[in-house]
Every structure is written in C-alpha cells, then in structure tokens.
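To convert, note that position 125 of the sequence shown is 124 in numbering that gives the first Met the number 0; the numbers rise steadily by one, no gaps. All C-beta atoms in this analysis are idealised placements derived from N, C-alpha and C, irrespective of residue type, glycine included. Working notes for the structure below.
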Amino acid sequence: MRGPDKGRTRRARNLRKVENDAEEALWFELRGRRLNGFKFVRQLPIGPYFADFVCRQASLVIEVDGSQHANSRHDMRRDAYMVANGWNIARFWNGCVLQERARVLETIVEIVENRLIDEVRSTDLTFIPAQKSREDR
C-alpha cells in the first residue's frame, strides 16, 4: 500500500492556512461535527483537485467561491470530474456565506439529509447531484 503523497499533503495544509473570510466562517460552523453531527474536512484532495469542504458520509463537496469563479471552465471540468466519481457538489458565493450563513447551513443540512436531491442552479447556489450508477436508477 502506498502512503500519502507528501506534495499533495503539503499543498492541502497550505490551502488551509490561506482561507478567505467566507471559508473561515463556514469552517467554524462545520468543524467538530457542529452541523447535525456530520463530519466535515477541508481542503481534501480528490483526484487532481482540492475540495474546500467535504462530508464523506454524504459524498458532498462544498465549494465557497468568489466572483473570479463565475463561469470558470476549470470549475466546470472539476465539477464534471467529481460528479462522475460519485460526489455531490454544492457551490456557494462568498457573499452568501458571509451575509446569509443560516440559510447556507440550512441548505447544507437539506443536502446531507437527502432532502435536496435535484439539481439547482440559482444566483447564490449551485447544487449538482452525483451521477447515479445503473443500479441506483
């Protein structure tokens, strides 16, 4: 069995040190199983990408983005990769996390408790459910 990739571990640690205000605020709410007992981790390497926050139990990746991510081809490729590999993706804007944190947390709870299962694309939230396997369809 191969050990962890030291370069990727170092990069994940560096990403954790340079969080923006919105990521820091959301992490305060997610860490230590504070959100309905669900465990979240941050800056988790998934394939060639790093996810801002992950709840493995719900196969959920949460991204907190600034305006530079609007219509980003890189984000579209990354979302396609993660969805194809069984991850649900929730993407929130920084401003939404900072100004409407309670609503963001309610949405995350809806996702991890399987109450939000259909794709959503709005001005403040993008939710892309994982691709279902043939057995799940």
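- Exclusion of the five residues before and after A129 leaves S58, V82, G85, W86, N87 as the residues of its chain whose Cβ lies within less than 7 Å of its Cβ.
- In this structure, A21 places its C-beta atom within 8 Å of the C-beta atom of V63.
- CA-CA distance, L124 to I61, rounds to 11 Å.
- The alpha-carbon separation between W26 and C95 amounts to approximately 14 Å.
- Rounded to the nearest whole angstrom, the CA to CA distance from N19 to S121 is 22 Å.
- Judged by DSSP in its simplified three-state form, A129 adopts coil rather than helix or strand.
- In this structure, V119 keeps its C-beta atom at 8 Å or more from the C-beta atom of L34.
- Following the DSSP letters along the chain, one finds D74 inside the alpha helix (DSSP H) bounded by residues 72-83.
- A buried status is given to D51, since no fewer than 16 other beta-carbon atoms sit within 10 Å of its beta-carbon.
- Just so you know, the alpha carbons of I127 and D117 end up roughly 8 Å apart.
- Per DSSP, the unbroken beta strand (DSSP E) holding E62 starts and ends at 59-64.
- In terms of Cα proximity to S71, the closest of Q56, V53, R90 is R90.
- DSSP lists L59 as the bridge partner or partners of N87.
- Counting every other CB atom within 10 Å of its CB across the protein chains shown gives Q42 a total of 16 or more, marking it as buried.
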